[in-house]
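Heads up: the sequence lines are chains A and B, in that order. When you line the first sequence up against numbering that gives the first Met the number 0, it's residues 0 to 408, in that order. When you line the second sequence up against numbering that gives the first Met the number 0, it's residues 0 to 452, in that order. Cβ coordinates follow ideal geometry from the N, Cα and C atoms, glycine included.
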Amino acid sequence: MPDYPLRGFRVIEVASGEAVALAARVMAGYGADVIKVEPPGGDPSRGVGPFPPAAVGPEAGAAWHYFHGGKRSVVLDLTQAAGRQVVHALAGRSQLLLTDIPAADRDAYGLDRAGLRAAGPDLSVVSVTPYGERGPYAEWSASEITEFAVGGQMSLMGDPDREPLKAFHNQAECQASLHVLGAALAALLAAARAGEGQYVEISVQEVQASALEAQGPMAFNGDELPAGLLRMGNGSWATWGQFQCRDGYVGCFVNVMNLPSFFRAIGHPELLERVGDDEFMRGECYKIVTEWCAARTKQEVYDTAVEFGAPMSYVAEPADIIANPDIARTGVWRTVPHPVAGWIRVPGPPFRSDEMAFDLTAAPSLGADTAAVLHDLLGVAAEEIQLLAGQAGWAARNAATASPAAGPR
Amino acid sequence: MSTTTPVSEDAAAADAAPLPLAGIRVVDLTMVWAGPYGTKLLADLGAEVIKIEGPARTDLTRILTIPANRDFDRPFDASRYFNEYNRNKLGMAVDVQQPAGRAIIRELAAVSDVLIENFRPGVIKRLGFGYDELKALNPRIIVVSLPGFSSYPPEASIPAYGPNIEQMGGLAYLNGYQGGPPHKSGISYGDPLAGLGGAAAVLLALLQRERTGVGQYVEVSQRNLLLGMIGDALVAHQIGSPPARNGNRSPAYAPQGVYPAAPARNATGSASASGSTGTGGSPGPGGSEPPVPGWLAVSVVTDDQWRALCQTMARDDLAADEQLATVVGRMREHDRLDAAIAGWTSGRTADDAARQLQAAGVPAAPVRAPADLPGDANLVARDFFRTLPHPEYGEIRITAPVWRFDGHRLGVRTAPKFGEHNREVLAQVLGYSADTIDALERDGVLADRPRQS
């Protein structure tokens, strides 16, 4: 019988970036009670689309809906003492706090190490920032493009004869979210063993630099990178590249052991013996592969890959993915309600296991859980909540209100 | 370059407390990048990771990235790639084609917490290490598999590499220059994600085991992890606003882009890309290579930042242009703004430009090439690169653990030589006698050199 692995754990999220958001979402899905602390104007991702056509609003955007599924929303103004007191009280009743607030602002928001340790000796903290909490760039402003640039991955992506290319949306933050998740789980294990909360610090620049495949280890040691390991666009080798097909694009990415099946798949087993001939591979063979792909649909190329066991693939679009029965069969989808579009599919459990249950509620409305959390967890009486609401300015203001914690990233 | 005191964990506490994952034993059958990247994360925190290769089954990366112009006693120990991702692990070479070799794996699994593998689906079951068999030996064992897609046919049977999985997982479609075709990532992007997912799955299963007392089997699909990285695009599609391929631009802010910068000169006088200071990367002979331009990434997120950018570039005309005062106007004029910014960045190195813009509060950073990173001031100050002794090189440079735990200075130990810890593990973990181990070596069940190397 599956159970929620994180049932009984409580996580406080004080952050505005995707690294914390996505890690916390996964933890919520696996059963943790994730409380997202939002500033009075709401998390900045509420203002980031895309939005449904003609339905812009703080509950309807794709970013908010995806990254914050499964969580509860509590509005607190951490620039006010009352707000900081509440977050400390919550910390005292939680096992984990995840934050990306800039190091320079931690004290002002009551999120300094000493304050949190006093509030919750059992609380573990994972802190993720673009350059780390300490270092010469610790106070640098960052955004999704700078994060992808400064850790090395951007230099390897894009065409060699123009500017390098950023990946879709904020992949640096999304990669980092898996680090935040792993570090948080490791912290919980270590905390149980040590009898006290752990503090883990992560730099997104280091996340990026730790994942530079062969190029990193070579270059770090002064080895020159061969041309094939520099920025090379979409690849233009017969056996390593993206090709146009009848209804989109496909990929042939063939390693040595797959060459026989690949050449059989494209109907030219005799070409296997010519792979050592560079001129042939760049010229005539490249043309053969290009034409083979151009004559077929994405599905036909995939079916051939299956038939021959060859490493070919197609560039899947969102519609392909959402409708794909092979993907659905793995159990990765969950359906959640969207306020405008109704029931939609979202990626759910990143792991498949008979033992690990995973479920998601829709992303919360702004401050929807403030009263319940304060009352149920902290025993704050209803009248007092009203009073705090006045002091802390919880009335949901226009989302354009700038909140210091809200630097969009 | 400023040489501040290295920013690292409290060394005094280093050996007092056990490391965060001390006492967790992992049998690591993974190879190449995805699996080893994941087990690296566990080893870095003190887990006992026993990496198992075979006499005829060496990690593919051992034959890659070996410098060509040098003589090595054991070249298969000299792979840069292997050394980076397999540090902090113990290494064995066991022939699982022989019954005695398979017995060793099963005996290790019987006294381990985790077995992790990235064979093609079905292989470990054929070898006798499937979950059902192992849990009968050890109900607490956690087995993690890392298929590219899943263990379900038909996709279980397709060989899949990072670029294939990135296509099937939807990211390639969303990547690309504005107005251009889909684009592959510069690295096998899904691989480190799969490794991260594998590590997280291990840790989550360990947490669950605290409550249940038993292990479990977990499958971590690289493709499914990639879906998680583009979830907002999948939502956008379903709510009627399919995402666009924006390249370096932002759908919400302007201007944003990557702009050419002047080449930098390092201490030897030769040009290096992106203008990082310090001694890192590969200095060529002075002046003999054509200068490589740097690149600067810039994004203006608020109207205040726009004014700060104009001021830094000494472009009062742009600051005064009413049309550019809001993001809507700037988006319309993006091409013109790109030209203006490029005109400014071209006249200075990326590092100088970044410093100036950061002083004004504008998000900007140089595009670092891998060779520039050892000289990056922030990484140096944080002691991100460690120098380790190495039997073939004398010394080798490896990155530091990314998950920095207070109270621990996480060390880095050189990656294992091929078969280096065969005897140690068999004696200390399984209690084999020296005679027994000698016999296994004679029979080729153990090896300390790859066959036919």
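- According to DSSP, residue pairing for A:Q241 in a beta bridge involves A:G250.
- DSSP places B:W294 in the strand class (E or B) of the three-state scheme.
- For A:Q94 against A:R9, the beta-carbon gap comes to about 6 angstroms, under 8 angstroms, which counts as contact.
- Under DSSP, B:Q255 shares a beta bridge with B:S298.
- Beta bridge pairing from DSSP links B:I141 with B:V113.
- Between B:V401 and A:I265 a beta carbon distance of about 41 angstroms is seen, past the 8 angstroms cut, so the two are scored as non-contacting.
- With 16 or more neighbouring CB atoms inside 10 Å of its own CB, B:Q357 falls in the buried class.
- Assignment of A:F261 by DSSP, reduced to helix, strand and coil, places it in the helix class.
- Between B:E332 and the set B:G189, B:L317, B:F417 and B:K134, the nearest pair of CA atoms involves B:L317.
- Per DSSP, A:K35 is one residue of the beta strand (DSSP E) stretching across D32 to E37.
- Two segments are said to touch when three or more pairs of C-beta atoms, one from each, lie closer than 8 angstroms; by this definition the stretch 166-185 of chain B touches the stretch 233-242 of chain A.
- A residue is called buried when at least 16 other Cβ atoms come within 10 angstroms of its Cβ; B:N68 does not meet this threshold and is exposed.
- Per DSSP, A:L95 lies in no alpha helix (DSSP H) segment; the continuous beta strand (DSSP E) that holds it begins and ends at L95 to T98.
- Beta-bridge pairing by DSSP links B:D27 to B:K50 and B:I115.
- By the Cβ neighbour-count rule, B:A232 is buried, with 16 or more other Cβ atoms within 10 Å of its own.
- A:V335: member of the beta strand (DSSP E) spanning W332 to H337, first to last residue.
- Against chain B, the beta carbon of A:M0 has no neighbour under 9 angstroms; the closest one sits roughly 10 angstroms away.
- A straight-line Cα-Cα distance of about 37 angstroms links A:E316 and B:S345.
- If you ignore the 5 residues before and after B:R329, its C-beta comes within less than 8 angstroms of the C-beta of A253, P254, V299, W305, L323 and L336, all in its own chain and listed in chain order.
- Distance from the CA of B:A99 to the CA of A:S352, rounded to the nearest whole angstrom, comes to 31 angstroms.
- If the five residues before and after B:A260 are omitted, its C-beta is found closer than 7 angstroms to the C-beta atoms of G274, P292, G293, W294, L295, T344, S345, R347, T348, A349 and A352, all from its own chain and listed in chain order.
- Counting the other CB atoms within 10 Å of its CB gives A:M0 a total below 16, which places it among the exposed residues.
- Residue burial is scored here from C-beta neighbours: B:R367 has at least 16 other C-beta atoms within 10 angstroms and is therefore classed as buried.
- Against B:P162, the close residues of chain A are G250 and F252, in the order they occur along the chain (beta-carbon pairs closer than 7 angstroms).
- Look at A:T128 here: in three-state DSSP terms it is strand.
- CA-CA distance, A:R230 to A:R133, rounds to 31 angstroms.
- Per DSSP, A:W342 is one residue of the beta strand (DSSP E) stretching across G341 to P346.
- Relative to the Cα of A:H67, the nearest Cα in the group A:I384, A:G150, A:A362 and A:L376 belongs to A:A362.
- Between B:G214 and B:I140, the CB-CB gap stays under 9 angstroms.
- Under the three-state reduction of DSSP output, B:Y216 falls in the strand class.
- If you compare the alpha carbons of A:R6, A:E306 and A:V19 with that of A:R263, the shortest gap goes to A:E306.
- Around the CB of A:R71, 16 or more other CB atoms lie within 10 Å, so the residue is classed as buried.
- In this structure, the CA atom of B:P388 is about 9 angstroms from the CA atom of B:R396.
- The beta carbon of B:I397 sits closer than 9 angstroms to some beta carbon of chain A.
- Between B:P390 and B:D72, the C-beta spacing is below 9 angstroms.
- The C-beta of A:D42 has 16 or more other C-beta atoms within 10 Å across all chains shown, which makes the residue buried.
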